[in-house]
Structure formats: structure tokens, C-alpha cells
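Note that our numbering has the sequence shown beginning at 14, numbered continuously upward. Notes follow once the structure below has been shown.
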Amino acid sequence: MAGQKERTHVREQEPEPAGFYENFLEYLKIIRDRTELPHVTKSSDVPWQVGRNGKSKYYSTPLKPDAVLPDRLVFRKTIEDRNGRHTHQGSLVILGLKGSGETLVDDVRHPWGPEDLIILPIKPGGIEHQHFNMRGPDDPAEWIAFIHVPYLEELGAELTKNEVYKEWQEKHSHMMSADDFEEYDDHYDLFLDFDYADWADYTPPETTNSLYDDLVVLRNNYRKMVAQAQGAGNWAVIRGEDLEYEINPQGKMKWYLHPSFEDRSMRSLLFYIQEIPPGSRSGKQHRQGGLVHYIMGGKGHTIIDGARYPDGPKRLEWEAEDYMAIPLSPEGCQFQHFNDDPENPAKMVVTEPSHGYELGWLDLGCGFEQLENCPEYDALDDSEKSTAI
Ligand SMILES: [Fe+2]
């Protein structure tokens with residue numbers, strides 16, 4: 014009897030499970046608290062690692078516990094001869110950093126060099142690709158990839174391996190028998206022979222008879238846009254030297270991907286290089302966050318402030334080859350970049366997902382405001398300044 018009594022007592026003490034709503038509140042807090050994680054990842058703190066597809070340095074991944082934006086996969090790759098070859102969906106970009114490379118995109122090899130942007134477009138059936146160094150092993154080519162992981166998840170998140178990186182294969186021959194990649198059954202693939210080029214001359218009907226038809230026209234117009242980018246040579250590589258810098262309130266920028274462009278094979282990201290002249294600074298913006306930066310050259314710092322920085326503005330030091338992410342916070346944050354070198358420019362790559370009408374463009378949940386202009390913009394003639402307010 015005594016034992017039974019004790020068991021009853023224990024049962025009464027068991028707390029009720031918190032339930033989903035409470036757990037969800039905790040989950041949202043974990044996301045908000047990412048503002049407390051380090052925003053800058055020093056290149057010197059990230060080791061090179063040899064993997065099945067090549068030699069890489071991972072700055073941000075969905076599996077990294079201290080990633081400020083864990084939905085961004087950002088990594089550098091050095092290529093001495095050739096990478097592995099594999100197939101997965103596009104929606105991602107790769108910026109050439111060093112040397113001279115070529116990238117196979119489906120059946121065609123595309124040359125690239127520093128500041129050229131390799132695009133892997135979304136394509137029904139995915140994109141097969143492989144990267145090559147066009148110089149000797151003593152002069153490797155190098156690039157950095159920017160992937161918005163939720164897009165890959167939405168697109169099915171499959172990766173099939175077609176050729177393994179030689180160095181990894183030599184070291185891991187004991188693992189090569191493991192079938193880590195699912196066998197691909199093309200019996201179900203409607204799009205094995207899909208070719209955007211077939212849509213280059215598509216003309217939408219003058220009228221449609223249903224809203225459903227309108228959706229089909231939207232689909233076809235997208236196919237036509239990609240086909241035309243392919244025809245214009247913008248399918249897989251955007252050459253940095255073909256782009257001109259503009260001076261706008263936030264700074265000196267050259268744009269690779271922008272929602273206004275209709276001659277690109279991809280619209281899922283904003284992508285630009287920003288140069289800050291010696292000793293100068295960017296403008297100051299109020300944004301939700303969600304931007305990532307890779308420092309291509311120079312050294313400086315960023316001041317970030319907002320409701321999630323209770324100790325006041327935070328100073329983020331950076332130099333060449335570092336990575337910096339601006340976390341997402343409900344009220345947004347304010348940030349401004351400073352070039353601390355009085356002799357040399359600082360240069361950074363900036364990218365973020367391209368949100369459209371669906372999320373209110375740049376306003377998102379906190380508004381988008383220019384709080385201060387960069388000095389180069391203030392020095393412009395009035396005729397060259399913004400016409401948009
Ligand atoms: Fe890939």
C-alpha cells in the first residue's frame with residue numbers, strides 16, 4: 014500500500030506538458046536572440062576542409078550553431094584542377110574571387126574570373142555543374158557561393174553526385190561504397206528534355222478566359238525571360254567588367270541582380286558589390302536585416318544599432334576575407350559601414366533574398382528608410398541625385 018501511495022504522489026507532481034504554443038514562443042525567442050551571436054566570422058577562424066565536392070571554407074551553414082542567419086549557406090571554394098560534378102536545383106550564385114576558371118552548366122563550359130558572377134538558374138530537372146581551374150595547380154581559381162537554403166528546400170532539396178572530387182575519393186575510398194545519394198528514377202521526370210530556348214519567342218495571348226490561364230501566362234513569361242537571358246549570354250555568367258558603379262544614397266554600388274532587371278536568368282536574390290572610398294563611409298539604413306556581406310578587400314567596421322542591442326550600438330570590425338551577417342529582428346536595425354583605411358578603398362559583396370509584392374519589397378515588417386546619405390552622394394549635383402523618395 015505504501016508503495017502505491019508514493020506512486021500516486023509522484024504522478025500528481027508531474028507537470029503538464031507546456032504544449033505547442035509555449036514551445037513556439039520559445040522557438041521564436043531563439044530566432045530573435047540571434048542578435049546576440051557574433052555577426053562577423055573571421056576568415057582565419059574558418060578552416061579549409063576537403064569534401065566530396067572539393068576544398069571549401071564554410072562561413073555560414075544551416076548546421077552551424079552560431080550562424081546569425083542559419084538559412085544562408087555561404088562558402089569559399091578553391092579549385093586546383095577540377096571539383097566534383099553534381100546536379101541540384103539552382104537559385105544560387107557564385108562570385109569569382111581569384112584566378113581563371115570555367116564552370117560547366119549543363120552542357121556548356123563558361124569562363125569566369127574575379128568579380129564575375131556565376132548563376133545557377135532554377136530549371137525544371139535541376140542543373141548539372143562542375144568547376145575547373147584553367148591555370149596550373151600552383152595558381153588555383155577561387156570563388157564564393159551564396160545560397161538561400163529555404164529556396165533549395167522549396168525546390169525539393171535533392172543533390173545527385175555525378176563525379177567525386179579526386180582528393181576526397183583518395184582519402185575516403187573506404188566510404189565510397191556507401192550509397193549516400195538516392196538512385197534517381199527518371200521514369201517520373203517530365204522535364205528531362207526541358208529547354209528554356211524553346212520559349213524565347215513566346216507571345217502571351219491578348220486576352221485570357223480564366224485566372225488559371227493568367228497563372229500559365231506568368232509561368233510562360235518567366236520561361237521567356239530566362240530564354241532571353243540565355244540568348245543574351247547572361248544565362249550562367251554576369252561579367253563584372255560589364256557593369257558600372259552608381260552612386261546612390263547608400264553608397265557606390267554595381268548591381269549584378271536586381272528586381273528591375275529583365276535580362277537575367279534568376280530573380281531570387283539582390284546582389285551587388287559596394288565600394289567605400291578611402292576613409293569614407295556608407296549611408297545609414299534602417300532595415301529588417303537578412304543581408305550578408307563578404308569583404309573582398311580593405312578593412313573597416315560597421316556600426317549596428319536597434320532595439321535588440323540593449324547595451325547600445327555595436328561595433329563590428331572586419332577585414333578582407335571576413336563574412337558579416339545582419340540578423341533579422343522585428344523592429345529592424347540601423348547600420349552603417351566605415352572604411353578605416355585612409356589610403357585604400359574597401360570592397361564588399363552584399364546579397365539578400367529578393368522579396369517582391371509578397372513581403373512588401375524592402376519594407377518587410379519594419380520599414381525601409383535611408384537615415385543618412387554617404388558623403389559621395391551628398392557631393393553630387395542635384396541633377397544626379399535620387400528622384401525617388
Ligand atoms: Fe553545386
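Backbone N, C-alpha and C fix where the C-beta goes; we use that ideal spot for every residue, glycine too.
Residue state for residue 238 is assigned as helix, using DSSP reduced to three classes. Look at residue 142: its beta carbon is less than 7 Å from one of the heavy atoms in ligand 1.
Closest by C-alpha distance to residue 387, out of 278, 371, 359, 260, is 260.
Unbroken beta strand (DSSP E) stretches of 3 residues or longer found wholly inside the segment 45-112: 62-64, 67-73, 85-92, 98-101, 105-111, given in chain order. Using a Cβ distance threshold of 8 Å, residue 287 and residue 361 count as a contacting pair. With a threshold of 16 other beta carbon atoms within 10 Å, residue 29 falls short and is exposed.
By the 16-neighbour rule on beta-carbons within 10 angstroms, residue 207 is exposed. Around residue 171, the same chain offers 101 as residues with beta carbons nearer than 7 Å, after the five sequence neighbours per side are excluded. The shortest CA-to-CA distance from residue 118 to any of 186, 211, 139, 163 is the one to 139. Distance from the CA of residue 179 to the CA of residue 185, rounded to the nearest whole angstrom, comes to 10 Å.
The bridge partners DSSP lists for residue 130 are 108, 251. Assigned with DSSP and collapsed to three states, residue 210 falls in helix. Residue pairing of residue 173 in beta bridges, as defined by DSSP: 100. A straight line joining the alpha-carbon of residue 113 with that of residue 322 spans about 43 Å. Comparing C-alpha distances from residue 148 to each of 111, 375, 40, 284 shows the shortest one belongs to 111. Residue environment for residue 289: buried (at least 16 other C-beta atoms within 10 angstroms of its C-beta). In the DSSP annotation of this structure, the continuous segment of the alpha helix (DSSP H) that includes residue 391 starts and ends at 388-391.
Ligand 1 approaches residue 99 closely enough that one of its heavy atoms is under 7 Å from the residue's Cβ. In this chain, residue 143 is not harboured by any alpha helix (DSSP H); it is covered by the beta strand (DSSP E) spanning 140-146.
About 5 Å separates the CB atoms of residue 48 and residue 340; that is less than 8 Å, so the two are in contact. In the three-state scheme derived from DSSP, where H, G and I count as helix and E and B as strand, residue 301 is classed as coil.
DSSP places residue 268 inside the beta strand (DSSP E), whose first and last residues are 264-270.
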